[in-house]
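From first to last, the protein sequence lines stand for chains A and B.
Read left to right, the first sequence gives residues 1 to 444 (our numbering).
Read left to right, the second sequence gives residues 445 to 911 (our numbering).
Glycine included, every Cβ here is placed at the ideal spot set by N, Cα and C.
Heads up, the thing below is written out as structure tokens.
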Amino acid sequence: MSTILDLAQQAVEIAKSQGVSEVEAYSSQVAELEVEVSDGQVENLQKAEETGLSLRILKNGRLGFAYTNDLSRQGLERAVQEAIEITQVVPEDRFYSFPDPIDYEPLDLLDREYSRVPVEEKIELAKEIEAAARAYDSRVRKVRMAQYSERFYEVAIANSHGLAIFYQVTGFSGSTMAVAEADGVSETGWGFDFAHRLKELDPKRIGEEAARRSVEMLGAKRVASQKADIVLDPVVGAEFLGVIAPALTGEAVQKGKSLFYDKVGQEVASKVVNIVDDGRQVQGAAAAPVDDEGVPTGRTQLVAEGKLQGFLHSIYTAGKAGVEPTGNGLRSSYRGRPESSPSNIYLVPGDKGGEQIISEVQKGLYVTSVMGMHTANPISGDFSLGASGLWIENGEIAYPVRGVAIAGNIVSFLKSVVEVGSDLRFTGSYGAPTVRVSGISISG
Amino acid sequence: MEWTQESLRRVLAKALENGGDFADVYLENRHSLRMVRENQQLDKVSIGTDRGAGVRVVMSGSTAYAYTNDLTEEGLLEIAGVVAKAVEKGEQKKLKPFRQAESNVQVAPAIDPRQVKLAGKAQLLEKADEAARAVDKRVTQVSVVYRETLQDVLIANSRGYWAQDNRCRVALAIMVIAKDGEIMQTAYESIGGAAGFELLAEESVLEAARKAAEVAVRMLSAKPAPSGKMPVVLAAEAGGTMVHEACGHGLEADLVQKGVSVYAGKLGEQVAAKGVTVIDDATLPNHYGSYRYDDEGIPAQRTVLIEDGILKGYMYDLLTAEKDGVESTGNGRRESYHHRPIPRMSNTFIAPGTDKAEDIIADTPYGLYVTKMGGGQVNTATGDFVFEVSQGFLIRDGAVAEPVRGATLTGNGPEALKLIDRIGNDQGFTIGTCGKNGQGAPVCDAQPTIRIKELVVGGIADEEDAQ
Chain A
1 MSTILDLAQQ AVEIAKSQGV SEVEAYSSQV AELEVEVSDG QVENLQKAEE TGLSLRILKN
61 GRLGFAYTND LSRQGLERAV QEAIEITQVV PEDRFYSFPD PIDYEPLDLL DREYSRVPVE
121 EKIELAKEIE AAARAYDSRV RKVRMAQYSE RFYEVAIANS HGLAIFYQVT GFSGSTMAVA
181 EADGVSETGW GFDFAHRLKE LDPKRIGEEA ARRSVEMLGA KRVASQKADI VLDPVVGAEF
241 LGVIAPALTG EAVQKGKSLF YDKVGQEVAS KVVNIVDDGR QVQGAAAAPV DDEGVPTGRT
301 QLVAEGKLQG FLHSIYTAGK AGVEPTGNGL RSSYRGRPES SPSNIYLVPG DKGGEQIISE
361 VQKGLYVTSV MGMHTANPIS GDFSLGASGL WIENGEIAYP VRGVAIAGNI VSFLKSVVEV
421 GSDLRFTGSY GAPTVRVSGI SISG
Chain B
445 MEWTQESLRR VLAKALENGG DFADVYLENR HSLRMVRENQ QLDKVSIGTD RGAGVRVVMS
505 GSTAYAYTND LTEEGLLEIA GVVAKAVEKG EQKKLKPFRQ AESNVQVAPA IDPRQVKLAG
565 KAQLLEKADE AARAVDKRVT QVSVVYRETL QDVLIANSRG YWAQDNRCRV ALAIMVIAKD
625 GEIMQTAYES IGGAAGFELL AEESVLEAAR KAAEVAVRML SAKPAPSGKM PVVLAAEAGG
685 TMVHEACGHG LEADLVQKGV SVYAGKLGEQ VAAKGVTVID DATLPNHYGS YRYDDEGIPA
745 QRTVLIEDGI LKGYMYDLLT AEKDGVESTG NGRRESYHHR PIPRMSNTFI APGTDKAEDI
805 IADTPYGLYV TKMGGGQVNT ATGDFVFEVS QGFLIRDGAV AEPVRGATLT GNGPEALKLI
865 DRIGNDQGFT IGTCGKNGQG APVCDAQPTI RIKELVVGGI ADEEDAQ
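The structure is reproduced here in structure tokens:
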């Protein structure tokens, strides 16, 4: 059933034969298809297959790590040697260990039908995304990167304690960017969707979202500098969560890189804020039955009614902190080692719909897109972003706004959240509903 | 890599068996080493091997690409068959005989980084760490990251190009956190190039470490930056994020052709102030964005993009060049065999002018002086950009005054370039990894000291604190 589990077990055996007693092998096999259409024609089609493996070796409490996609016996032996070489220069660290086998609930993330759907139908899906964007409004002049992509991956983990894990996941996504034009000015808008099953992907919704976002920005003005309430679109809320999330990991805390490091039990956000990480939340792109060390995933409440509850842990950071691992030892791919990282992290939805939240704002900015989020400083919490969106006056959308900067500090920002909507949406593995934040400085 | 011309010819023939205008094959073998020092110890070390190949076929503007890490001829023939199937039946092209393209770029690392033992590298990281900590007691955390990549590539295409390149890049980055009570500031310095271990001479590494520490400590006393429109002087040492974001991306031919660049259709027009010349040059010796051949096998080149304010050209790969009826400028790059090539920047810079940097500051009554830029982002369709200021000062009465923190600059590419009113005779380079379409590429950006008459500074000071 699984050749990569055999491969991982073979690597473990090779390491053992080299005198290594503590070893773990992680292997993944990925098959991808990506289709991009433009003007109803296939512009790009990409197909990929790759298998790779990485090794962690513990020798005298020192951890060595090497990866390779040369899966010949010789290639695996070389990786073992490289990992051993590393154990000769790194310091001893008693918190590294590999888990014993443990029972876990499987998670059904596999679409068993998709491989029977011919490529032509998938190309058609990308074309439908493009067509839906064009059909939405005549001012949509260009549609760029109308894309369909699918990913089938298998993961195997084996270690010298007898752990042997194998699971399969499928993921499907579609996205596009619409460019609307009026009076010689262009505005852009993104649309996207993700599902673990092909038939759950809705091309029309993706195209129309991109078109709506581009058209609603036409005629955008600048506004004067002021303090006002802002309402974050769920996509923007998820981007903010992306800045906060790293600070909620054991690694960031233990390295002094988290602004939350000494705040457990304290108020870090307003009462309406609840943040959860859940590797078993199937709406998120990071769903998996176990983490990348073999620890079962689960729900971890990080912030409850504004109070910080704890952090996300791998086996290593949990050992160091003296707590149980939370199933968050995750790798970026087989090329990476497991690090305490968020899986599917989201802001728990409240009761009000997004539209109701907007209708209650007297004067403010509904932020639909931000630029420069990756420049936010995760350590100090300072951020300053380019933003665009829609101006709200007396609870109604008045006109589009572009070229403003919103700035602040993430700590005071979290404390200024006054509403969390019911419309939770995942952007990849980050989820947020509509959020209202009060008293933010906007520079025009 | 041991590949005969005959076997790659079979692969290309297979890719074109159903027709197609063009096919190429890209083979890669990469060794990577990454070492991270943190919390005053060697924290993470990883060594990796990546080998793989990609085959591409192009037919009437549409591209099919497939890759694999099965590097047998059968493995390559299989992906060639996959891309061939994606092509609608058409005329079969004849393969041209292979010839090796000539590159005049000399890249010869003096010290192969693999020859330096792990323990020796670990020691250099430790010395950098200590040098940064020695600067001030308020330095609380130092991270040092070392990376080396040795990448052998072989590119062959149906037009007869055959290029082999052995690329060697090293980079060392130092991040410092300084703390004073509740205030925490970070600073970052890096050294890197398409060069061997000789680039990381101990003195230059220690100097960079000290500089990062000094900046972090200095920024502890920074006040929140003011908000609003004001003149901005970008120091040469601030690096080239501005030119990279404000015009570089918009001059990549794929974005221009898709009509999502503000610079589309403006060749020969004034797109920047007089005196502004922008160049992309992959041939600069040892620079981080340099290479001998691009990832389509085209020799590296120097391309004038903007000359004295007039738009002169775009950055092309093979496909976009053909569409415009011009030659590739050697800017077809890819992160790895996982990706097909797209037009990318290499080393991009604003050419120096004639003003002295100190005169530019002296002639500025009030404004923001930026000595270090952070990351940035651009919407190429509108030209709107944003980038962060990692280290900035206010200019008051023609002199550099107090440091300010938390500023970002937002503006519009062509508007900002037209507002450049002073250009210094100096030039400073920064290295980075540029992301586009999910692909990272090592790049280098540079500029002289320049003044932009007016940019929107997004600061965090309350209204009443400004000015």
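Let me know the secondary structure DSSP gives residue i once reduced to three states.
i	result
B:Met503	strand
A:Gly421	coil
B:Ala575	helix
A:Val264	coil
B:Val844	strand
A:Phe98	coil
A:Pro203	helix
B:Gly636	strand
B:Lys537	coil
A:Asp6	helix
A:His374	helix
A:Gln226	strand
B:Thr727	coil
Is there a C-beta anywhere in chain B that falls below 9 Å from the one on residue i?
i	result
A:Leu7	no
A:Val435	no
A:Pro338	no
A:Ala445	Chain A is shown only over 1 to 444; residue 445 of chain A falls outside these bounds and no answer can be derived.
A:Asn44	yes
A:Gln10	no
Using a C-beta to C-beta distance shorter than 9 Å, which residues of chain A count as neighbours of residue i?
i	result
B:Arg778	Here the premise fails: no neighbours, minimum Cβ distance about 12 Å.
B:Ala860	Going along chain A, no residue has its Cβ under 9 Å from B:Ala860, so there is no contact; the nearest lies around 12 Å.
B:Thr584	Gly256
For chain A, find out if any of its Cβ atoms is closer than 9 Å to the Cβ of residue i; answer yes or no.
i	result
B:Ile514	Reading the sequence as shown, one finds Asp at residue 514 of chain B and not Ile. So yes, B:Asp514 belongs to the interface.
B:Phe641	no
B:Glu482	yes
B:Gly915	In the structure as shown, chain B begins at 445 and stops at 911. Residue 915 of chain B is therefore absent and cannot be evaluated.
B:Arg613	no
B:Glu907	Caution is warranted here: a pLDDT of 39 is assigned to B:Glu907, below 50, making its placement in the model unreliable, and the coordinate value is therefore given only provisionally. Yes, its Cβ sits closer than 9 Å to a Cβ of chain A.
B:Thr854	yes
B:Arg912	A query on residue 912 of chain B cannot be resolved here, the shown segment of chain B reaching from 445 to 911 and no further.
Could you tell me which chain B residues have their CB closer than 9 Å to the CB of residue i, listed as they occur along the chain?
i	result
A:Ala41	The residue asked about is misnamed: residue 41 of chain A is Gln in this sequence, not Ala. Under the 9 Å cutoff, chain B gives Ser504, Gly505, Ser506.
A:Lys47	Ala508, Tyr509, Ala510, Tyr511, Ile523, Val526, Val527, Ala530
A:Leu385	Val830, Thr852, Thr854, Gly902
So residue i is in the beta strand (DSSP E); what residue range does that whole segment cover?
i	result
B:Thr946	Outside the displayed span of chain B (445 to 911) sits residue 946 of chain B, for which this structure offers no information.
B:Gly884	883-891
B:Arg788	From DSSP, B:Arg788 is part of no beta strand (DSSP E); its letter is neither H nor E.
B:Arg478	466-482
Within 8 Å: the Cβ of residue i and any heavy atom of the ligand SAM?
i	result
B:Ala600	Here there are no bound small molecules, and the ligand SAM is not part of this structure.
In chain A, what lies closer than 8 Å to residue i by C-beta?
i	result
B:Gly820	Gly372, Thr375
B:Thr630	Asn377, Ile379, Ser380
B:His782	Ala48, Glu50
Along the alpha helix (DSSP H) that carries residue i, what are the first and last residues, could you check?
i	result
B:Lys767	762-768
B:Met663	646-663
A:Pro234	234-244
B:Lys581	Unbroken run through B:Lys581: none, as it is neither H nor E.
B:Glu450	449-459
I want to verify the contact list: residues of chain B whose CB lies under 8 Å from the CB of residue i, in sequence order.
i	result
A:Arg144	Lys702, Val704
A:Glu85	Ile491, Leu562
Counting only Cβ pairs nearer than 7 Å, list the residues of chain A close to residue i.
i	result
B:His693	What B:His693 touches in chain A: nothing, since even the nearest Cβ is about 13 Å away.
Residues of chain B with CB closer than 7 Å to the CB of residue i, please, in chain order.
i	result
A:Glu82	Ile491
A:Arg335	Gly492
### Task
Quick one: which residues of the segment 759-778 of chain B get their C-beta closer than 7 Å to a C-beta of chain A? List them in chain order.
none
### Task
Report the residues of the segment 827-852 of chain B with a CB closer than 8 Å to any CB of chain A, ordered along the chain.
Asp828, Phe829, Val830, Phe831, Glu832, Arg849, Gly850, Ala851, Thr852
### Task
Could you list the residues in the segment 49-66 of chain A with a C-beta less than 9 Å from some C-beta on chain B, going in chain order?
Glu49, Glu50, Thr51, Gly52, Ser54, Leu63, Gly64, Phe65, Ala66
### Short-range partners of chain A found in the segment 642-671 of chain B, where Cβ spacing is below 7 Å
Ser671
### Query
According to a CB-to-CB cut-off of less than 7 Å, which residues of the segment 245-277 of chain A neighbour chain B?
Lys255, Gly256
### Task
Determine which residues of the segment 289-311 of chain A have a Cβ less than 7 Å from any Cβ of chain B, and write them out in chain order.
none
### Message
Short of 8 Å Cβ to Cβ, which residues in the segment 707-721 of chain B face chain A?
### Response
none
### Query
Given a limit of 7 Å on CB to CB distance, which residues of the segment 88-119 of chain A reach chain B?
Val89, Val90, Pro91
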